[in-house]
Each structure stands twice: as structure tokens, then as C-alpha cells.
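Residue numbers (this note's numbering), protein chains in the order written: chain A, 1 to 114; chain B, 115 to 229. Virtual Cβ for every residue (Gly too), placed ideally from N, Cα, C. Worksheet: the structure to be examined is printed underneath.
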Amino acid sequence: DTGVSQDPRHKITKRGQNVTFRCDPISEHNRLYWYRQTLGQGPEFLTYFQNEAQLEKSRLLSDRFSAERPKGSFSTLEIQRTEQGDSAMYLCASSGGTGTYEQYFGPGTRLTVT
Amino acid sequence: GNSVTQMEGPVTLSEEAFLTINCTYTATGYPSLFWYVQYPGEGLQLLLKATKADDKGSNKGFEATYRKETTSFHLEKGSVQVSDSAVYFCALSDRGGGSQGNLIFGKGTKLSVKP
């Protein structure tokens with residue numbers, strides 16, 4: 001299966017700790033997106049990469065959040081000094097090809113901050 | 115700004131009933147429209163899409179038509195099955211106005227189909 005994968009699937013951490021999530025997109029896709037989904041809501045956009053360049057960041061992405069895609073393949077999302085409000089499902093999606101903007105999502109990483 | 119509004123759920127139907135989930139949007143450019151589905155315990159899956167006005171997206175018996183005049187993209191299915199029980203999300207991708215194609219989602223509509 002060559003779909004989008006995310007690791008870990010679940011993460012429980014204590015408030016104030018740092019966490020890092022990884023996303024591996026579909027191999028030929030050059031565009032990668034991070035979203036956050038809280039219970040009962042639709043996903044909300046966090047940030048976007050085209051190849052290794054981070055081209056757009058949502059105002060939801062506070063200074064405690066940082067994302068990288070160093071070689072234009074996998075991406076990491078780090079949250080520093082986690083807060084209880086960071087508890088959510090973090091979703092990664094990828095898309096590729098010219099004129100094709102449909103996005104394919106990974107299974108998500110569920111973060112619980114205690 | 116861009117936004118998507120979906121009918122609130124939950125929606126409960128009997129098997130073989132007709133389904134409509136309403137979705138309307140606001141966009142500054144020329145959006146593409148999508149329906150995604152999230153089955154229990156699974157990730158988001160693309161169900162169907164439409165990229166321009168009057169396009170009809172269809173998949174697995176579901177259909178939605180891009181109506182620019184009413185800014186709508188309602189999801190329909192003629193005869194639902196228990197296996198269609200899931201949360202359905204309407205979304206738009208507006209590549210105009212400087213957007214990089216990120217998706218804007220509605221809040222989702224939970225569908226439960228009873229045998």
C-alpha cells in the first residue's frame with residue numbers, strides 16, 4: 001500500500017513536553033499539508049509544503065509549532081511546550097500532478113495532553 | 115473569507131432510504147468542491163469531487179452537482195446501506211486569492227443507517 005502514513009498513531013504526553021509527529025506522503029506527490037481536527041469539527045488547515053518549501057502557514061500555527069520537510073519527502077510537525085488545548089487529531093495529506101488538487105489523507109496522529 | 119456550511123446532524127435513516135446532505139459554500143475565487151467520508155475508526159477518504167460549475171461528481175452510488183448559482187454542492191444517494199454509516203465532510207479548495215489549495219471543511223454530518 002502506498003498511501004499516506006503517519007507515525008505515531010497515538011501520543012499521550014504531559015503538559016509542557018515536546019512532541020514530534022512524522023508524515024510520509026504518497027511517493028510521487030510534491031504537495032503536503034498538515035491539518036488539525038478536534039472532536040465534532042472538520043479538519044482545519046495548519047501548513048503547506050511544496051517540495052521542501054513551506055509556502056503557507058495558518059494563523060492557527062502558533063510559535064510553539066514548527067514543521068519541516070527537509071528533502072521534499074517526509075515531513076515532521078513538532079509542538080513545543082504542549083498545552084491541553086493542543087489535544088486533537090493531527091492529519092497529514094498529500095497531493096500531486098498538475099491541475100490536480102485532490103488531497104489524500106493519512107490515518108492521523110491522535111495527541112492527548114494530560 | 116472562504117467557508118463551507120453543512121447541514122447539522124446526526125442524520126438517522128432506514129436502509130434503502132434516500133439521502134440528502136446539504137452543503138453551501140462561500141468563496142472568492144473558483145473553487146473545486148469535494149466530499150470526504152470518515153468511517154468509524156478510519157481516516158478521511160475522498161468520496162467525490164467537482165472542479166467547475168455544473169460538474170457532477172459521483173462514486174459508490176453517491177452524487178453531487180456543483181451549482182454556482184446557488185453556491186451549493188449537496189450530496190445525494192438514492193438508497194443508503196448500513197455500511198454508509200459514517201461522517202461526511204463537504205470541503206472546498208480555492209486556488210485563487212493566493213491560496214495554495216488547502217482545503218476548507220464543513221463541520222461534518224454524521225449519518226447512521228439502521229437495518
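9 Å Cβ cutoff, residue 96/A in contact with chain B:
Taking the first residue of the first sequence as position 1, residue 96/A is located at position 96. Chain B contact via Cβ: absent.
Just by C-beta distance, which residues in the stretch 150-169 of chain B are closer than 8 Å to chain A?
150, 156, 157, 158, 159, 160 and 163
Selection of the stretch 188-208 of chain B by Cβ proximity to chain A, strictly under 8 Å
203, 205 and 207
Which residue comes first and which comes last in the beta strand (DSSP E) that contains residue 119/A?
Coverage of chain A is limited to positions 1 through 114, which leaves residue 119/A absent and any answer about it impossible.
According to the Cβ coordinates, are residue 84/A and residue 114/A closer than 9 Å?
Numbered from its first residue, the first sequence carries residue 84/A at position 84. Numbered from its first residue, the first sequence carries residue 114/A at position 114. Cβ atoms of residue 84/A and residue 114/A: closer than 9 Å.
Test: residue 43/A CB closer than 9 Å to a CB of chain B
Here the question's residue 43/A lines up with position 43 in the first sequence. Output row for residue 43/A: interface = yes.
Residue 91/A: contacting residues in chain B (beta-carbon distance under 8 Å):
As a working note, residue 91/A is residue 91 in the first sequence. Chain B residues near residue 91/A: 157 and 158.
With burial defined as no fewer than 16 other Cβ atoms inside 10 Å of the residue's Cβ, what is the status of residue 134/B: buried or exposed?
Counted from its first residue, the second sequence places residue 134/B at position 20. It is exposed - the Cβ of residue 134/B has fewer than 16 other Cβ atoms within 10 Å.
Thinking residue 52/A and residue 72/A are a contact (beta carbons under 8 Å), I'd like their distance in whole angstroms, please.
Your numbering for residue 52/A matches position 52 in the first sequence. Your numbering for residue 72/A matches position 72 in the first sequence. Right, the Cβ-Cβ distance comes to about 4 Å (below 8 Å), so this counts as a contact.
Spatially closest choice to residue 75/A from 106/A, 12/A, 63/A and 59/A, by CA coordinates
In the first sequence, counting from the first residue as 1, residue 75/A sits at position 75. The residue with the shortest Cα to Cα distance from residue 75/A is 106/A.
Spell out the partners DSSP gives residue 24/A in its beta bridges.
Here residue 24/A refers to the residue found at position 24 of the first sequence. Paired residue(s): 5/A.
Determine the DSSP secondary structure at residue 194/B, reduced to helix, strand or coil.
In the second sequence, residue 194/B corresponds to position 80, counting from 1. If DSSP states are grouped into helix, strand and coil, residue 194/B belongs with coil.
What whole-angstrom Cβ distance do residue 163/B and residue 175/B have, given they're in contact under 8 Å?
Within the second sequence, the letter at position 49 stands for residue 163/B. Within the second sequence, the letter at position 61 stands for residue 175/B. About 16 Å; that fails the 8 Å criterion.
In three-state terms, what does DSSP make of residue 211/B?
As a position in the second sequence, residue 211/B is number 97, starting the count at 1. With a pLDDT of 47 at residue 211/B, under the threshold of 50, the modelled position of this residue cannot be trusted; read the value that follows with caution. In this structure, residue 211/B counts as coil in the three-state DSSP scheme.
For residue 104/A, list the residues DSSP reports as bridge partners.
The residue you call residue 104/A lines up with position 104 of the first sequence. DSSP output for residue 104/A lists 94/A as bridge partner(s).
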